[in-house]
Each structure stands twice: as C-alpha cells, then as structure tokens.
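S.K.:
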Amino acid sequence: RERLVWGFVGKVDPQTRTGALPRSAGSMILDVLTSWDGAWYMRIVRYGYPSFVPPNITYDDPQARVAFFPTYPHLVRYVDWILPGGDTFAALVLNLVLGAAFIVLVGLLARSWFGDLVAQRAMILCAIFPGSFVLSFAYSEALLLTLAAACLLLLDRERWLWAGITAMLATATRPNGVALIAACLVAAEMARRAKKSWRPFIAPLLAPLGFLGYQLWINHHAHESGVWFRVQGEAWKEGASFGFTAIRRTLEAFTQPLSSPTDLITAASFGCMLLFVWIMWKRHRLPLPAMAYSAVILILMLLPATVTARPRFLFTAFPLFISLAIWLSHSKRREWWPYVVGMCLAGLTALTALYGVYGAIP
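By the count of the working numbering, the sequence shown reaches residue 431 at its end, each step adding exactly one.
1. With distances taken from CA atoms, which of MET237, ARG299, ASP332 is nearest ALA272?
2. With LYS264 as the anchor, note down where its alpha helix (DSSP H) starts and where it stops.
3. So if DSSP puts ALA309 in a beta bridge, which residue, or which two residues, is it bridged to?
4. Please tell me whether LEU397 has its Cβ less than 8 Å away from any Cβ of chain C.
5. Count the other C-beta atoms from every protein chain shown that fall within 10 angstroms of the C-beta of ARG381, then say buried if there are 16 or more, exposed otherwise.
6. What are the boundary residues of the alpha helix (DSSP H) that includes ARG115?
7. Is the separation between the beta-carbon of THR52 and that of THR335 shorter than 8 Å?
8. Assuming the contact rule is C-beta atoms closer than 8 Å, GLU293 and VAL187 should be a hit. Round their C-beta distance to whole Å, please.
9. ILE126 by DSSP, collapsed to three states: which one?
10. Which residues bound the alpha helix (DSSP H) around LEU194?
11. Looking only at its chain, what residues have a beta carbon closer than 8 Å to the beta carbon of ILE366, apart from the 5 residues adjacent to it on each side?
12. Could you check the C-alpha separation between ILE197 and LEU214 for me, to the nearest Å?
13. In this structure, how does DSSP classify HIS143 when only helix, strand and coil are distinguished?
14. Count the other CB atoms, across all protein chains shown, that sit within 10 Å of the CB of TYR427; report buried if there are 16 or more and exposed otherwise.
15. Could you check how far apart the C-beta atoms of PRO131 and ARG112 are, in whole angstroms? I think they sit under 8 Å.
16. With distances taken between CB atoms, is the gap from MET349 to MET360 smaller than 8 Å?
17. Can you tell me whether DSSP reads ARG226 as helix, strand or coil?
18. Rounded to whole angstroms, what's the CA-CA distance from SER392 to TRP182? Just pull it up for me.
19. Using only CA atoms, which one of TRP297, ASP225, TYR147, ALA291 lies nearest to LEU437?
20. In or out: MET97 buried (at least 16 other Cβ within 10 Å) or exposed?
21. With DSSP as the reference, label MET325 as helix, strand or coil.
22. Distance, Cα to Cα, LEU163 vs VAL148?
23. Tell me whether PHE206 sits in a helix, a strand or coil according to DSSP, three-state version.
24. Applying the 10 Å Cβ sphere with the 16-neighbour rule, what's the burial state of PHE339?
25. Go ahead and pull the three-state DSSP assignment for SER446.
26. Would you check if the distance between the CB atom of LEU161 and the CB atom of LEU102 is smaller than 8 Å?
27. Any chance the region 219–232 sits against the region 403–421, with 3 or more Cβ pairs inside 8 Å?
28. How big is the Cα-Cα spacing for SER435 and LEU397?
29. Kindly list the residues whose CB is nearer than 7 Å to the CB of TYR141, restricted to its own chain and excluding five residues on each side of it in sequence; keep chain order.
30. From GLU303 to LYS264, what does the alpha carbon distance come to, in whole angstroms?
31. Where do the ends of the alpha helix (DSSP H) carrying SER120 lie?
32. Expressed to the nearest angstrom, what Euclidean distance is found between the alpha-carbon atoms of GLY425 and VAL135?
33. Please return the same chain residues whose Cβ sits closer than 7 Å to the Cβ of TYR15, not counting the five positions on each side in sequence.
34. Would you mind stating whether ALA207 and GLY107 have Cβ atoms separated by less than 8 Å?
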C-alpha cells in the first residue's frame, strides 16, 4: 500500500548536476494523464495484445495488458490514424470529446425525467465531481460513461436494438459495463408487462456479447482458456472482500488519518456513496433501469479485495448525481447549491494534487 512522504525534496537538482535539461511541464503533465491504467491502454494501442501470457505473471510484466478491455484502445488507434500529433494526443482528445458528449447525454436524461433545472444541475455536478478527473486521463471511463448514458437514454425511448448495441460496446470497454445488462433486463421486463411484447429483450440479449466476445477472442489469441481471469488473480491479486476492504480502509482513515492516501480516498468515496444512495432510495427515486445500473456499479465497486471505493468508480454510477440534483433543486435546499459546488471543486483540486503531485493511485 502506497504511503505519502510529507516533506521537502532535496535542494540539489540531479538534472542540474548531470547537465541534463529539465523536462518540460507539458511532458510531465502528459505523463500524469497517461499513468497507471493509461499506460496499459497505450501499450495496447501501440503493440496490441500478446499471443502468450507467461505463468505466474506479475503487475510489472507488459503481457499483463490482457486484463484491459479492447474498445477504448482500438478507438484511440482509429483516432490516431485521423489526427496528427501521435497516439497520446489522440487518446486525450478522444476523451475530451467523449467527456463533453457524456455531460450532454446526462442533461438529456435528466431533462426527460425531471425538467430543465435538474438537468442543468446534474450536468454541473457530473462536470465538477472529484471523480470527473478521469475524463481528462487516458482511461476508458469516458467511453464507458458515454455508452452507458446513451444506453439509458435509448432504453427510455424504447430503441431496443440501439440500446443493446451500446450496451454491448460498453461490456467490451470495462468489466463494470456489465451493469448495463441489468438496466436492459429491467427495462425489457417493464416493457413486456406494459405492451405484452418480447421484442424489448433484444437489448439484454445483445448486452453481454461484448464481454463474452472479448473473453472468447483473448482465449483464442493467447492460446489459453480463462487467461483474463488468471491475469486478474496473479498480476492484480484480485479477490472478493464483499465490502470489508472498503469498511476497513474507511476505519483506518479515522484511526490513522495521514498514513495512506488510499484510506482517505476510500473513506470519502464510501461516505459519499452512502449519502447518494440514501438520497436516491428515500427521497428521489429514478426510473428502475437507472437504479439497476447504479446498484450493480456500486456492488462491483465494493466487491474487490484490492482496489475498492474510488471517486472514479463512484462517478461511473452517474444516475446518482441526477437524484442529488433533484434534492438540491428543492426550494428548501437551493441555498446549499453554491456550497456543494465549492466542495466539489475543492475535492477535484485535492485529487488532482494527490494524483499529479504525489502519484497516488487513481
């Protein structure tokens, strides 16, 4: 577990001592924006997937990139063919466009359900929530969020085929994209009861094909059955804690508050999750497909024994922010809005410092 070192760096710059020129600020920023998961995705963009994964693989082995799903890096590769500037530039421009599209889709969803004021505030919350930093990184969340918002909007408009296609792309983008299977299934069952038709079930039938297709393809490509699951277990030590890791780290954040950024981030994310769920469940319920999607996202966030509650994982459950926007639009709480915006901006700044300056794990 990583630990922060609170102090001053040395006064002698080793680059000055060796005569090397210091790196530009731009290149250092690019390093941050393509760090951690971003580095793995960029390896896939440049080298594709390996045809062999050695036994007892570790996190440091480049062949471990089979753990990352293909839709985002392949899309980056296509954008790189079109735009000048290299693959890193293509990845960041792509996420800038996807992030803007996601915010617009959230607004369309919220407006169709609850009106203009809620839509406006939901868009602002999604743009400044601390987890929104991921829209600027070379991560796959921007693509997943755009596909998820599009899928929920298509389900709301009963465009079953296109909803299934967007869900299928999402399940080939990130593992937690499978939450859209639940959304499609709930929407299809609601439509079947109302219209006595089985046609809506085309959406939940298509939805899992992205996940299953990648598993079948990587098994064939790497000449090993279940290679993705093996890499998850060996390289990332993935296991299930059923929420106990999140609870333990939250408690440690209070008993040892400066020992680890992971504990602080987990505690903040866990607390926000409880508040958002309470608002959605007790105060302002959303359409059932959106609630089903959010519930599965949160379950998958809490399930792992290693990387658990994180702002970017909570951000993926974006329908929660629509409930929060409704709650804050009530006449009794409208004066709270500037304070909520200020807290979100402060949190986004703090996370940027942790990730960019101290190198904490996003």
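C-beta: ideal position from N, C-alpha, C; glycine also.
M.R.: So, from the listed chains and residues:
1. The residue you call residue 272 lines up with position 203 of the sequence shown. For the residues MET237, ARG299, ASP332, the minimum Cα distance to ALA272 belongs to MET237.
2. Stepping through the sequence shown from its first residue, residue 264 is reached at position 195. Unbroken alpha helix (DSSP H) run through LYS264: 248–264.
3. The sequence position of residue 309 within the sequence shown is 240, counting from 1. PRO373.
4. Protein chains in the displayed structure number just one, and chain C is not present.
5. Here residue 381 is taken as the residue at index 312 of the sequence shown, counted from 1. That one is buried.
6. As a position in the sequence shown, residue 115 is number 46, starting the count at 1. Here the alpha helix (DSSP H) through ARG115 covers 106–116.
7. As shown, the chain starts at 70 and ends at 431. That puts residue 52 outside it, with no answer to give.
8. On the sequence shown, residue 293 is found 224 positions in, with the first residue counted as 1. On the sequence shown, residue 187 is found 118 positions in, with the first residue counted as 1. No, GLU293 and VAL187 are not in contact; Cβ-Cβ is about 49 Å, not under 8 Å.
9. As a first step, residue 126 must be located in the sequence shown, where it is residue number 57. Three-state result, ILE126: coil.
10. Stepping through the sequence shown from its first residue, residue 194 is reached at position 125. Counting along the chain, the alpha helix (DSSP H) containing LEU194 begins and ends at 185–197.
11. Locating residue 366 in the sequence shown gives position 297, where the first residue counts as 1. ASN245, ALA248, PHE382, THR385, ALA386.
12. To locate residue 197, count along the sequence shown from 1; it is residue 128. To locate residue 214, count along the sequence shown from 1; it is residue 145. Their Cα atoms are separated by approximately 15 Å.
13. Stepping through the sequence shown from its first residue, residue 143 is reached at position 74. DSSP places HIS143 in helix when its eight states are reduced to three.
14. Along the sequence shown, one-based indexing puts residue 427 at 358. Exposed: under 16 other Cβ atoms inside 10 Å.
15. Taking the sequence shown and counting its residues from 1, the one referred to as residue 131 is at position 62. Taking the sequence shown and counting its residues from 1, the one referred to as residue 112 is at position 43. The pair is a contact, with the Cβ atoms about 6 Å apart (cut-off 8 Å).
16. Position 280 of the sequence shown, counted from the start, is the residue given in the question as residue 349. Position 291 of the sequence shown, counted from the start, is the residue given in the question as residue 360. In this structure, MET360 lies closer than 8 Å to MET349 by Cβ.
17. The residue given as residue 226 occupies position 157 in the sequence shown. The answer is coil: DSSP assigns ARG226 none of H, G, I, E or B.
18. Residue 392 sits at position 323 when you count from the first residue of the sequence shown. Residue 182 sits at position 113 when you count from the first residue of the sequence shown. Each residue's alpha carbon lies about 11 Å from the other.
19. Nothing about residue 437 can be reported from this structure: the residues present for the chain run from 70 to 431 only.
20. Here the question's residue 97 lines up with position 28 in the sequence shown. With fewer than 16 other Cβ atoms within 10 Å, it is exposed.
21. Position 256 of the sequence shown, counting from 1, holds the residue named residue 325. With the sequence shown as reference, residue 325 is identified as Gln, and Met is not the correct amino acid for it. Coil.
22. Residue numbering aside, residue 163 sits at position 94 when the sequence shown is read from its first letter. Residue numbering aside, residue 148 sits at position 79 when the sequence shown is read from its first letter. Going by the C-alpha atoms only, they are around 7 Å apart.
23. Start at 1 with the first residue of the sequence shown, and residue 206 comes out as number 137. Note: PHE206 maps to coil in three-state DSSP.
24. Position 270 of the sequence shown, counting from 1, holds the residue named residue 339. Buried is the call here.
25. Nothing about residue 446 can be read from this structure; the chain reaches only from 70 to 431.
26. Reading the sequence shown from its first residue, position 92 is the one you call residue 161. Reading the sequence shown from its first residue, position 33 is the one you call residue 102. Yes, they are a contact pair.
27. no
28. This structure gives no information on residue 435, because the portion of the chain shown stretches from 70 to 431.
29. Walking along the sequence shown from the start, residue 141 turns up at place 72. If we look at TYR141 and ignore the five residues flanking it on each side, its Cβ neighbours are TYR110, SER209, LEU212, THR242.
30. Numbered from 1 along the sequence shown, position 234 holds the residue referred to as residue 303. Numbered from 1 along the sequence shown, position 195 holds the residue referred to as residue 264. Cα to Cα, GLU303 sits roughly 48 Å from LYS264.
31. Walking along the sequence shown from the start, residue 120 turns up at place 51. From DSSP, SER120 is part of no alpha helix (DSSP H); its letter is neither H nor E.
32. As a working note, residue 425 is residue 356 in the sequence shown. As a working note, residue 135 is residue 66 in the sequence shown. When rounded, the distance between both Cα atoms is 26 Å.
33. A question about residue 15 goes unanswered here, because the residues of the chain that appear run from 70 up to 431.
34. Taking the first residue of the sequence shown as 1, we reach residue 207 at position 138. Taking the first residue of the sequence shown as 1, we reach residue 107 at position 38. Closer than 8 Å, so yes.
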